[in-house]
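Asker: I'd like to ask you about the structure that follows.
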Amino acid sequence: MNKKYKIIFSALLILVVSALSFLVLDTNQLEVLNPKGTIALKEYKLILFCTWMMLIVVVPVLIITVVFAWKYRSDNPKSKYKPNDHQNHLGEIIWWGVPFVIIIILGIVTWKGCIELDPFTPLESSKKPLKIQVVALQWKWLFIYPEHEIATINFVQFPEQTPINFEITADAPMNSFWIPQLGGQIYAMPGMVAKLHLIADEEGSYRGSSANLSGKGFSGMKFVAKSSSEADFNAWVENVKQSTPLDYTQVAVPSEYAPAAFYSLPEEGLFNQIVMKYMVP
Amino acid sequence: MLGRLSDVYKHDFIEYAAGYSMLIGAIFLIGYLTYKKKWKWLWKEYITSLDPKKIGMMYLVVAMLSLVKGLVDALMMRAQQVLSVGESHGYLASDHFQQLFTAHGTTMIFFVGMGIIFALMNLIVPLQIGARDVAFPFLNAVSFYLYAVGAGLVVLSLVVGEFSGTGWVCYPPLSGLAYNPGVGVDYWIWSVQIAGIGSLLSGLNFFVTIVKMRCPGMTLMKMPIFIWSVLGTLVLILFAFPILTATIGMLTLDRYLDMHFFTPDFGGNPMMYINLIWAWGHPEVYILVLPAFGVFSEIVAVFSQKRLFGYVSMVWALAAITFLSFIVWLHHFFTMGASANANAFFGIMTMLIAVPTGVKLFNWLFTMHRGRVLFTTPMLWFLGFVFIFVIGGMTGVLMSAAPADYQVHNSLFLIAHFHSTIIGAVVFAFFCGLTYWFPKIFGYKLNERLGRYAFWCWMIGFLLAFMPLYFLGLMGATRRLDHYDATTGWQPLFIVAAAGVILISIGFFFQVLQVIVSYRQRKENLDTTGDPWNGRTLEWSIPSPPPEYNFAVIPHVHDIDAFWSMKHERTKHKPPSEVIWEDILMPKNTPLAALIGGFSFLMGFCLIWHIMWLAGLSLAGVIICMVIRLAEKNTEHLISAKEVQRST
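Protein chains in written order, with this note's numbering: chain A, 30 to 310; chain B, 633 to 1280.
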């Protein structure tokens, strides 16, 4: 086999191989690209916009690489050879300038996005937001509904099209709270309260997990986030209220792969106690 | 008396197997050296040597052994992720899996990444600037031994005790006493701390070398571009590594004296650690990548047989990257909840880095324009780098838009991104540079055919191993998972990724084979001219391998690409008959650097296991060695002018 064919063969092989990994994909499972909430949708659009902007530079680079490498190969007698060419002011202005302009555009979009999608900013909606307090424990998620006086483990339910105000802390090493189809993450840190405002546009069950290593049982820190109709949600709350009262000290004992559990909430201000625990001298 | 050594650490079968196989390997190596009667040679030529070329080779050996270890870690992790789905929990316990990825990250960054850049610096920097040695040869040897001690401690943790399972940057409070009282985190602390001090000293050494020891005529704007890139790295090392030392120092105080710098109670703050570690950690990735850019700049010019395009632009691009890399650290934790304006500032600064990086890419490509491109192995590594790095750069800019990062932070998308940049740039550049400079260092060329096989295995292996990770990240797969549900649909992609790692390992096997085959056929591939590639810079003007003193006569430089102009514009240069030979002073061998390394190793080990009396004694040993070295008078030996003349 001569050299030319070897190169073509190798390039084809790479293409086929890369294409193969697409084949095994089920596009519905690309959660970040299948947003089900306003926040996730905006973040998804930003991802797409950035990608398109960058392709303006990336595509020419890849084409130039292939063309130059092929055209100026040493055994091509037809190409020009100018061993001392090393400057072209116009060219350099273009490739300092064009990426710079693109970055300015991306920068403006990012700045706006940062303000608009700041996780601490409440969402505008005609509906009254639902407050859910989240505590990362070793190694499970505790959800407290202070207004409804219930608490759950590794399962969270809320009505659709209602803004949810998550208040997030940890009584464990740092975790990161993430429901990919509803929107991006925020860290759950002991002694700190982070806020995250999300909304689900339709009914469904979404996967949630921790994105930051927190010790032995980290892989088991998953939960289901269920958005249902308002009526279903109220019925569910009433149902959970009948459960046994939450015993925090018992729940906080480290355990791995904890199943979903439901409790009524006997004491008020549990969340604040957990946060303030780290504040006493 | 023996501190925590009496604590019992249970190991499973796999850990025993790893530990014992290493022990058997060591015994085999010792036996082989004894059988071949090589101990004296090893002692004289390497262990006690202060010659940067020899020290560079030792860096190479340690870095390559670390690479093997890191690769095995990677293979084991992917195997676990392929097997551990739904009902099955794989073959590794979760804490063992966590030790694996921590060891993988620590090894790859500190002992492979830093190892290969210091190897290249030691081997090439003095040769390219026309110097006979580095500024502080003894300090250079000490730096190497401190680096090797760090690598040694990580390996030792396999056999005695356990390694940290907290991720390679060891975030508190997870790495604090409350959640991790064992020796694992202490192994991480002392291996990184000791190696880090070595890196800092080395940074200082080479900075002074480049600033003060360039040959006459080599002004800053006439330095080879590789030297510029190394200078950028050294500035970063000098500013960033003290932060690492101080941060780990405070973590050490937290763990040893129960202080509360980084625990959430008693007024401590883990967010402070995260800021500090990344104030070092972000410059660190540029510390690794700048010399990689330098290597590519050299080889593109040589193998396009054309002058590097836009030298001045390249220098300014390097300077811009060096500066910007210090004001972007917050992008490692956009999700911590900083204000929108803070996130936006750090995001935009991060994006700005793409501009000088893009300029470098265009300049490399236009170096090929109207050149005569030779498709040697180094050139293949370069072209592979362009493809992979472009993908890595693109996803990097994507993640610097903070709200987009909220959706991919700490996911496998991020893992794919930084492997694209680090493997694509740093590792590929290293193989590229090693193939290019191999004849200079060892005196014979590497086998081209096996080199090409290795390249294609790495290239295709890389695509298989990391392209699926981008998709896994978008599917919501976070990093560091040792188990996931079958319903997620991640398993097929993990299998593809595992196949990629296997292919990369095959590529590495080809490289080992390449070195062995090339060594056995060295007589046919001998580099007798000293200039096998038609080189452009000073290192090609001297014999391969270079004599101890590098340059018999210190060259005078008039141009960028000094050696190229010597070959092509003879009028400017003196004919050889007028050469004045001179006596040369070179440093004598000394065992003290290795001894300091030995004492540091003992000290690190004792501190990990809380054997404080012996740690104190070893520290005293280190200080005594330094005092002895400072008091020594005859540290140099003379090579007479006649001898120099005879050997050229």
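Idealized CB from N, CA, C, for every residue including glycine.
Remember, predicted model here, so these are calculated numbers, not experimental data.
1) Do W1172/B and F1195/B have their C-beta atoms closer together than 8 Å?
2) Should F38/A go down as buried or exposed, given a rule of 16 or more other Cβ atoms within 10 Å for buried?
3) Would you mind telling me which residues of chain A sit closer than 8 Å to S1137/B, beta carbon to beta carbon, in chain order?
4) Please identify the residue among V1059/B, H892/B, V1147/B, W860/B whose C-alpha is closest to the C-alpha of V744/B.
5) Under the DSSP definition of a beta bridge, which residues are partnered with H226/A?
6) Looking at the C-beta of I980/B, does it have a partner C-beta in chain A at a distance below 8 Å?
7) So which residues of chain B does A98/A contact, with C-beta pairs closer than 7 Å?
8) Could you list which residues in chain B have their beta carbon closer than 9 Å to that of V90/A, in chain order?
9) With a Cβ-Cβ cutoff of 8 Å, do W207/A and G237/A count as a contact?
10) Short of 8 Å in beta carbon distance, which residues of its chain neighbour S284/A, apart from the five on each side in sequence? Order them along the chain.
11) Assign P188/A to one of three DSSP states: helix, strand, or coil.
12) What did DSSP end up calling T181/A once you bin it into helix, strand or coil?
13) Return the CA-CA distance between G1167/B and R939/B, expressed in angstroms with no decimal places.
14) Can you tell me which residues form a DSSP beta bridge with A217/A?
15) In chain B, which residues lie with their C-beta within 8 Å of the C-beta of M203/A?
16) Pull up the distance between the alpha-carbon of E647/B and that of G797/B, whole angstroms please.
17) Chain A partners of H1115/B, CB-CB under 8 Å?
18) Going along the segment 103 to 117 of chain A in order, which residues come within less than 8 Å of chain B, judged by CB to CB distance?
19) Under 8 Å, Cβ to Cβ, is there at least one residue of chain A near D1191/B?
20) Does DSSP classify R939/B as helix, strand or coil?
21) If you drop the 5 nearest sequence neighbours on each side, which residues of the same chain put their C-beta closer than 8 Å to that of P805/B?
22) Could you please give me the residues that DSSP links to Y779/B through a beta bridge?
23) Using 10 angstroms around the beta-carbon of T1280/B, count the other beta-carbons present and answer buried if the total reaches 16, otherwise exposed.
24) Hey, is G1108/B's beta-carbon within less than 8 Å of any beta-carbon in chain A?
25) For L836/B, which of helix, strand or coil comes out of DSSP?
26) May I ask you to report which of helix, strand or coil DSSP gives T680/B?
27) Since P1010/B and A952/B are thought to touch, with beta carbons under 8 Å apart, how far apart are those beta carbons, to the nearest angstrom?
28) Taking CB distances under 8 Å as the criterion, tell me whether L58/A reaches chain B.
29) Note the first and the last residue of the continuous alpha helix (DSSP H) segment covering F262/A.
30) Cutting at 7 Å between CB atoms, please list the residues of its own chain near N1042/B, excluding the five before and the five after it.
31) Tell me the rounded alpha-carbon separation between I656/B and L790/B.
32) Which one of M746/B, A649/B, L1104/B, L984/B has the shortest CA to CA distance from L866/B?
33) Can you find a CB in chain A that lies within less than 8 Å of the CB of L940/B?
34) Note the first and the last residue of the continuous alpha helix (DSSP H) segment covering I761/B.
35) Can you find a CB in chain A that lies within less than 8 Å of the CB of T1169/B?
36) Let me make sure I understand the geometry here. Which of N301/A, L275/A, Q279/A, L119/A has the alpha-carbon closest to that of L294/A?
Answerer: In terms of the structure at hand:
1) yes
2) exposed
3) Contact annotation for S1137/B against chain A: no contact, minimum CB-CB distance about 17 Å [criterion: below 8 Å].
4) V1059/B
5) N194/A
6) yes
7) M1000, V1005, L1015
8) G990, L993, F994, L997, V1018, V1022
9) yes
10) Q167, W168, K169, G246
11) strand
12) strand
13) Separation of G1167/B and R939/B (C-alpha to C-alpha, rounded to the nearest whole angstrom) is 11 Å.
14) N204/A
15) Y803, P805, L806, P902
16) 14 Å
17) Residues of chain A whose Cβ lies closer than 8 Å to the Cβ of H1115/B are, in chain order, S248, G249.
18) S103, S108, K109, Y110, K111, P112, N113, D114, H115, Q116, N117
19) So, not an interface residue.
20) coil
21) Y811, F894, T895, P896, P902
22) In DSSP, Y779/B forms no bridge with anything.
23) exposed
24) yes
25) helix
26) Looking at T680/B - three-state DSSP - the assignment turns out to be coil, as it is neither helix nor strand.
27) Actually they are not in contact, since the Cβ atoms of P1010/B and A952/B sit about 26 Å apart, beyond 8 Å.
28) Note that residue 58/A is Gln in the sequence shown here, rather than Leu. Cβ-Cβ to chain B under 8 Å: yes for Q58/A.
29) 259 to 270
30) T1110, R1111
31) 14 Å
32) M746/B
33) yes
34) I761/B -> no alpha helix (DSSP H), and no H or E assigned at all.
35) no
36) Answer by Cα proximity: L275/A.
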